[in-house]
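Q:
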């Protein structure tokens, strides 16, 4: 059974490959692909990704968390989502 982390990465990868890439790479994107550096996450694409995360994954990302570090790659986005889902103690 896939972990929550693996499931999130799979869902994010599928969304980015199908909805955000003009010409989906046959090899796909990896969890460490630099989304900002490679120009995959433009401002419009980031807005679409945030809508997907809110509507499909059920997580609202606070404006204070919209940083380059948190959206650097799929690993960092997944870490952010998991941290937002974990209740504070």
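In my numbering, the protein residues as written are 166 to 254. Glycine residues also receive a C-beta, built at the ideal position from the N, C-alpha and C atoms. All values reported here derive from a predicted model rather than from experimental measurement.
#1: Residue 237 and residue 201: beta carbons closer than 8 Å?
#2: Between residue 223 and residue 247, what straight-line distance do the alpha-carbon atoms span, to the nearest angstrom?
#3: Going by DSSP in three states, residue 237 sits in which element: helix, strand or coil?
#4: Helix, strand or coil: which one does DSSP assign to residue 197?
#5: Does residue 255 come out as helix, strand or coil in the three-state DSSP assignment?
#6: Can you tell me where the alpha helix (DSSP H) with residue 184 in it begins and where it stops?
#7: For residue 209, does the count of other Cβ atoms within 10 angstroms reach 16, so buried, or fall short, so exposed?
#8: Is it the case that the Cβ atoms of residue 182 and residue 194 are separated by a distance below 8 Å?
A: The structure says:
#1: Here the question's residue 237 lines up with position 72 in the chain shown. Here the question's residue 201 lines up with position 36 in the chain shown. For residue 237 and residue 201, yes; Cβs fall inside 8 Å.
#2: Mapped onto the chain shown, residue 223 falls at position 58. Mapped onto the chain shown, residue 247 falls at position 82. So the alpha carbons of these two residues sit roughly 12 Å apart.
#3: Numbered from 1 along the chain shown, position 72 holds the residue referred to as residue 237. Here residue 237 sits in coil by DSSP.
#4: Translated into the one-based positions of the chain shown, residue 197 becomes position 32. Three-state DSSP puts residue 197 in coil, outside helix and strand.
#5: This structure cannot settle anything about residue 255, because the visible part of the chain is limited to 166 through 254.
#6: On the chain shown, position 19 is the one that residue 184 refers to. Run containing residue 184: none; DSSP gives neither H nor E here.
#7: Numbered from its first residue, the chain shown carries residue 209 at position 44. Flag for residue 209 reads exposed.
#8: Taking the chain shown and counting its residues from 1, one reaches residue 182 at position 17. Taking the chain shown and counting its residues from 1, one reaches residue 194 at position 29. Going by beta carbons, residue 182 and residue 194 fall inside the 8 Å limit.
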